[in-house]
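Please read the structure below before turning to the comments.
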């Protein structure tokens, strides 16, 4: 009987951890993909590191400092800090205003450090070589670090998110439709359980919609006035397409640091770009001296922040 109870407890614990992983992946997969497009770091690696380093977002550092990757202050950090015991007592860690900043800084940290330079000669789709390369470059002291990353990637099939990147240092181009197509074999969550589909874009919670969703349903679920929800999403009508992002709070005045501009691709509009990056439509139009219905040319550069900010 005791053995059966112990087995049941272990099974419950395993299932809870699996659910936490899946929730973490749902929330942050889009950031990992966008950072892969921007820097060439495999999305699978970033997600696995986030899961491992932050305990699925529940570690002390993740909760109190929005730091998902355990990045310490180092000599170049001028931002907020958080002190806690790690390898030694009272170590200094970077503290971020929001979680998305942590993911962007993680990419910038790897791309700016000479000891990680060799990683960027490895194909983006070779997650095993990346995991071993990170360990060899000294990212972590645990001798099993590479194997731990590989295990998470394979258990959660995170390699599905990896793409061959021809150019590095370019802005993200992933759309909701492309992402949905790349993970079409995954089980979709219940369409009415919106909290399972919450994501963070530019520090704001949003939902990727599915067939059957509507602004009215989402507004009712969260107790938001329909008029307010439409305003948050720069909409004058309640028309909603599957795959569209719906923000639950007012979007930011500009994109997060690291996302300076977007390169237009077929089908893009000023509205779709504003939703992709969580930027108010009127601000995006002002940055680029365009109107909301201005026709866009494929390959055109659309600024996501005031051009003065980029100087």
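In full-length UniProt numbering, the protein residues as written are 1 to 311.
A virtual CB, placed ideally from N, CA and C, is assigned to each residue, including glycine.
**Prompt:** Opposite residue 208 in the DSSP bridges: which residues?
**Reply:** 245
**Message:** Can you check whether the C-beta of residue 126 is within less than 9 Å of a C-beta belonging to chain C?
**Reply:** Looking for chain C here will not work: only one protein chain is present.
**Message:** Using the Cβ count rule (16 or more neighbours within 10 Å means buried), how would you classify residue 288?
**Reply:** buried
**Message:** Within a Cβ cutoff of 7 Å, which residues of the same chain sit near residue 268, ignoring the five residues on either side of it in sequence?
**Reply:** Correct list, in chain order: 296.
**Request:** Reducing DSSP to helix, strand and coil, say where residue 176 ends up.
**Result:** Confidence is the limiting factor: at residue 176 the pLDDT is only 35, short of 50, which leaves the residue's position unreliable, though a coordinate-based value still follows. Of the three classes helix, strand and coil, the one that applies to residue 176 here is helix, per DSSP.
**Message:** Report the start-end ranges of each alpha helix (DSSP H) in the segment 49 to 95 that is 4 residues or longer and not cut off at the edges.
**Reply:** Here the runs fully enclosed are 60 to 65.
**Through-space distance from residue 301 to residue 228, alpha-carbon basis** = A direct Cα-Cα distance of roughly 31 Å separates residue 228 from residue 301.
**Message:** So residue 148 and residue 61 are supposed to be a Cβ contact under 8 Å. How far apart are they, rounded?
**Reply:** No, residue 148 and residue 61 are not in contact; Cβ-Cβ is about 18 Å, not under 8 Å.
**Request:** Just the C-alpha distance for residue 109 and residue 209, rounded to the nearest angstrom, thanks.
**Result:** 33 Å
**Asked** Going straight from the alpha carbon of residue 57 to that of residue 306, what length do you get?
**Response** 32 Å
**Prompt:** Among 133, 142, 55, 106, which one has its Cα closest to the Cα of residue 118?
**Reply:** 133
**Burial state of residue 83 (16 or more Cβ within 10 Å)** = exposed
**Request:** Check whether the Cβ of residue 120 sits closer than 8 Å to any heavy atom of the ligand GTP, and report yes or no.
**Result:** Absence of the ligand GTP is noted for the structure shown, with no ligands found whatsoever.
**Prompt:** Can you give the Cα-Cα distance for residue 91 and residue 23, rounded to whole angstroms?
**Reply:** About 30 Å.
**Message:** Is it the case that the segment 41 to 52 contacts the segment 205 to 225, given that we only count it when at least three CB pairs across the two stretches are under 8 Å?
**Reply:** Too few Cβ pairs lie closer than 8 Å, so no.
**Request:** Could you tell me which of 206, 47, 55, 36 sits nearest to residue 123, measuring between CA atoms?
**Result:** 36
**Message:** Looking at the strands, I want to know which residues DSSP matches up with residue 261.
**Reply:** 303
**Asked** Do the CB positions of residue 31 and residue 104 come within less than 9 Å of each other?
**Response** A contact, by the Cβ cut-off of 9 Å.
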